[in-house]
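Numbered per the numbering used here, the sequence shown spans residues 446 to 618.
Beta carbons are placed, not taken as given, at the ideal position from N, Cα and C, and that holds for glycine.
These figures come from a predicted structure and were not determined experimentally.
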Amino acid sequence: MQLIETWLADPERAFDLFAKFPAEETGFENPAAGMSRERFAAYVQGLRDEALGIGLPDGWVPATKYILVNDEGDYVGIFNLRHRLTDFLRNGPGHIGYGIAREYRGHGYATAGLKLTLAKARELGIKEAYLSVHKTNPASLAVQQHCGARIDHEDEREYYTRIDTSEGTMRDE
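Written out as structure tokens, the structure is:
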């Protein structure tokens, strides 16, 4: 299992993966939903700049969008890691967002991908990762809790979780 930066992925396979996700699904946002292949290629180029902090809109932070590749080489999910937080992100979406393609759900890929993304967060110096999850998505909450999340607070729609990224604190499978 590995994470690869979207701009280093096979362009056709990356396009096919992103095309599987709607624009929004229980909190996971896919800005590439409905894009043509040509427009998607430009979007992917922009993701590299976003990771480097180049040309970010006001209020945005650098973020790296990864593709989760399973041991068979299938592109199974998308993980977004924001390198730091603004007040909006701290009180909302947090550091990490993720989605697993429907046909790969229920096989442990979200847990494996989140663990890999938490390791990337640790490499960036993030000691505690902030995440959120829709209350209508108990499977995602279970994934986060399996990775050591605790519910920090909640509102009517979401749980806001925190995960210590220190080595040895995340639960093993």
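Rounded to whole angstroms, the gap between the alpha carbons of glutamate 603 and aspartate 519 is 31 Å. For leucine 497, the number of other beta carbons within 10 angstroms of its own is below 16, and it is reported as exposed.
For lysine 510, the beta-bridge partners assigned by DSSP are Asn525. Taking C-alpha positions only, isoleucine 608 is separated from leucine 453 by approximately 28 Å. Sequence-distant partners of phenylalanine 460 (beyond 5 residues in either direction) whose C-beta falls short of 6 Å from its own C-beta, in its chain, are Arg482 and Phe485.
The DSSP-derived three-state label of arginine 602 is coil. In the structure shown, the three-state DSSP call for arginine 550 is coil. 8 Å or more divides the Cβ of alanine 487 from the Cβ of glycine 522.
Leucine 462 sits close to isoleucine 512, with the two beta carbons spaced by under 8 Å. If you look at alanine 587, you'll find it isn't in any beta strand (DSSP E); it sits in the alpha helix (DSSP H) that goes 583 to 591.
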